[in-house]
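Take a look at the structure below.
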Amino acid sequence: MLGLVRDVFDVLADPTRRAILDELRRRGGCVVGELTTALGLGQPTVSKHLRVLRDLHVVDVVAESQQRRYSLRPGGLAAVEDWLAPHRAYWTERFEALGEYLDETDPAGGDTA
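Counting with my numbering, you get residues 6 to 118 for the letters of the sequence shown.
See below:
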């Protein structure tokens, strides 16, 4: 799983790919031409990035006559979510403990304004 997470992070490090994913999320899916217009990029560039996202199973593609419609794949980023979950829990716990500590040690009773 760690290899897959690393691959996903490598792919998401590219700002163009993140922009494509954001646009697909906003629109609920679209064809390459819509992405090129929305992002101001050429068709070869968008297609290259879509191929990388598709190969990593982050996006799905469906043929519609002469075009291909791309959309986010449900669970496509699940490996990243799974990896992040314990880190999120750790930091949530730490911040809650800090908040409790500050509440206990605040000589003004919690109202400093």
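Where a beta carbon is used, it is the ideal one built from N, C-alpha and C, also for glycine.
Could you tell me if residue i is buried or exposed, where buried requires 16 or more neighbouring beta carbons within 10 angstroms of its beta carbon?
| i | result |
| --- | --- |
| Y75 | buried |
| A102 | exposed |
| H54 | buried |
| V67 | exposed |
| A113 | exposed |
| A90 | exposed |
Under a three-way DSSP split, which group does residue i fall into?
| i | result |
| --- | --- |
| R23 | helix |
| R93 | helix |
| V63 | coil |
| S76 | strand |
| A68 | strand |
| L55 | helix |
Would the C-beta of residue i count as close to the ligand MN, meaning under 7 Å from any of its heavy atoms?
| i | result |
| --- | --- |
| G80 | Ligands in the displayed structure: none, and consequently the ligand MN is not present. |
Using C-beta distances below 7 Å, list every residue in its chain close to residue i, excluding the 5 sequence neighbours before and after it, in chain order.
| i | result |
| --- | --- |
| L17 | R23 |
What residue range is occupied by the uninterrupted alpha helix (DSSP H) comprising residue i?
| i | result |
| --- | --- |
| G38 | V37 to L44 |
Might you give, ordered along the chain, the residues of its own chain that have their beta carbon closer than 8 Å to the beta carbon of residue i, omitting 5 neighbours on each side?
| i | result |
| --- | --- |
| V63 | V13, V16, L26, L77, R78, G81 and L82 |
Excluding the 5 residues preceding and the 5 following residue i in the sequence, name in chain order all residues of the same chain whose CB lies nearer than 6 Å to its CB.
| i | result |
| --- | --- |
| R93 | none |
Given 8 Å, three or more beta-carbon pairs between the stretch 56-65 and the stretch 20-37: yes
Cβ contact (3+ pairs, closer than 8 Å) linking the stretch 28-40 and the stretch 70-89: yes
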